[in-house]
Amino acid sequence: MCAMTAGARGRRVLLLEHTEKIGKKILISGGGRCNFTNLEIAPDRFLSANPHFCKSALSRYTQHDFIELVERHQIAYHEKTLGQLFCDGSSRQVVAMLEAECEAVGVEIRIDCRVTDVSRSDRFHITTTTEEIEAQAVVLATGSLSIPKMGATGFSHRIARQFGLGITETRPALVPFTFEGDDLTLMQDLRGVSLPCIARCDRAAFQEAMLFTHRGLSGPAILQASTYWREGMAIELDLLPGTNAAALLGEAKIERARSNPASVLAEHLPQRLAQALAEGSLRPGNMADQRGRDL
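Next up, the structure:
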């Protein structure tokens with residue numbers, strides 16, 4: 038995006054990519070279909086040490102500007118959930134689009150070209166594994182530190198520090214929650230089970246899907262809540278959004294006294310989860326045997 042914008046403004050631009058192809062993270066995004074933007078983007082939905090930056094950036098380039106670019110390249114797309122837009126075909130279409138935009142404004146792209154050092158006197162001097170380059174300006178595309186096998190490194194952060202730029206310490210975000218001990222055993226027994234939920238953390242709430250995995254909890258609701266989580270914080274999970282579970286079970290205790298608690302729960306939750314909750318939180322027997330405080 039930066040390269041093609043600079044090229045469109047008449048700059049002579051050289052884009053250096055240290056891996057063997059450009060856009061590797063784009064290619065794996067959205068399960069290979071690239072969730073390229075969201076209709077509900079707004080400044081207050083970004084976490085930043087400088088919230089005013091989002092206001093400024095989004096006032097100059099919005100999700101609708103990018104959608105217009107996608108449509109201009111005749112890339113078919115669809116809305117999935119909560120405003121998320123995905124390619125109908127493949128994320129390769131988005132990479133090809135960006136590559137075509139760069140080519141149209143004369144941006145030169147060099148792959149397999151790793152920068153090893155950047156220094157400055159009157160101009161910037163860039164040392165790479167293939168050549169020495171001089172430039173009037175340098176843009177560091179840091180990306181994130183996640184997924185090293187896709188080429189992620191901390192090199193750009195190191196160069197930024199070298200030039201005295203302020204760096205916010207990085208931490209994992211949009212990640213699953215992992216567990217140990219008995220909690221992990223429970224999660225492993227439930228792996229593969231998914232359901233809608235509301236995940237709450239630090240005044241933030243996300244109503245989307247949750248997934249039990251062999252290591253803990255994942256899914257869109259969990260990944261988003263993880264961004265707000267800090268060590269020691271509690272995560273609250275509402276597994277029956279819009280339903281008063283206590284009232285539901287209390288009613289079943291009266292009207293369906295001989296029913297098995299797991300069977301009652303299984304009418305509203307995945308069967309394996311219902312069985313685990315009944316065994317872990319309720320008394321043996323039928324609904325009539327349950328105490329009010331347990332419900």
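Those letters in the sequence shown? Residues 38 to 332, per the working numbering, in order.
Glycine residues also receive a C-beta, built at the ideal position from the N, C-alpha and C atoms.
Note that this is a predicted model, so its numbers are computed, not measured.
Counted within 10 angstroms of its Cβ, other Cβ atoms place R46 as buried (16 or more) or exposed: Result: exposed.
8 Å CB neighbourhood of A197 in its chain, flanking five on each side removed: So the qualifying residues of the chain are L177, T179 and I204.
Cβ neighbour criterion (16 or more within 10 Å) applied to Y98: In the assembly as shown, Y98 is an exposed residue. Its beta-carbon has fewer than 16 other beta-carbons within 10 Å.
Top-ranked residue by Cα proximity to K92, from A325, R228, P80 and S85: For the residues A325, R228, P80 and S85, the minimum Cα distance to K92 belongs to P80.
Segments assigned beta strand (DSSP E), at least 3 residues, entirely inside the segment 164-223: Qualifying beta strand (DSSP E) stretches, in chain order: 169-172.
Three-pair Cβ contact test at 8 Å for the segment 289-304 versus the segment 255-269: With contact defined as three or more Cβ pairs closer than 8 Å, the segment 289-304 and the segment 255-269 are not in contact.
Reference I163; option with closest CA among L53, A242 and V144: Cα-wise, what sits closest to I163 is L53.
Minimum length 4: unbroken alpha helix (DSSP H) runs contained in the segment 239-277: 257-263, all fully within the segment 239-277.
Close beta carbons around T207, own chain, < 6 Å, minus the five adjacent residues each side: Once the five neighbours on either side are set aside, the close Cβ partners of T207 are L182.
Length-filtered (4 minimum) alpha helix (DSSP H) runs lying within the segment 286-326: Counting only runs of 4 or more, we get 298-303 and 308-318.
Nearest residue (CA-CA) to R240, options R309, S231 and M270: With distances taken between Cα atoms, R240 lies closest to M270.
Reference A284; option with closest CA among L302, V132 and I272: Looking at the Cα atoms, L302 is the closest of the given residues.
Cα-Cα separation between H251 and A43, rounded to whole angstroms: H251 and A43 have their C-alpha atoms spaced approximately 46 Å apart.
Alpha-carbon to alpha-carbon, E168 and A174: Near 17 Å, if we compare the C-alpha coordinates of E168 and A174.
Beta carbon of V144 nearer than 8 Å to that of M41: With contacts defined as CB atoms closer than 8 Å, V144 and M41 qualify as a contacting pair.
As assigned by DSSP and simplified to three states, the class of S156: Strand.
The segment 129-142 in contact with the segment 81-90 per 3-pair CB rule at 8 Å: No contact exists between the segment 129-142 and the segment 81-90.
Which of helix, strand or coil DSSP assigns to L64: In the structure shown, the three-state DSSP call for L64 is helix.
Element boundaries [alpha helix (DSSP H), containing F123]: Segment Q121 to C124 is the beta strand (DSSP E) holding F123; no alpha helix (DSSP H) there.
Cutoff 6 Å; reference A258; Cβ partners in own chain excluding five residues on either side: Same-chain partners within the cutoff: C234, A236, F243, E245 and M247.
Reference L95; option with closest CA among R160, I112 and N75: Ranking the options by Cα distance to L95, first place goes to N75.
Assigned exposure category for P298 - 16 Cβ within 10 Å defines buried: Buried.
Near the ligand GDP: M324 beta-carbon under 7 Å from a heavy atom: Annotation note on the ligand GDP: not contained in the displayed structure, which lists no ligands.
Buried versus exposed call for F90 [16 or more other C-beta atoms within 10 Å across all chains shown]: That one is exposed.
Proximity winner among G188, E116, H110 and A172, relative to I148 (alpha-carbon distances): The residue with the shortest Cα to Cα distance from I148 is G188.
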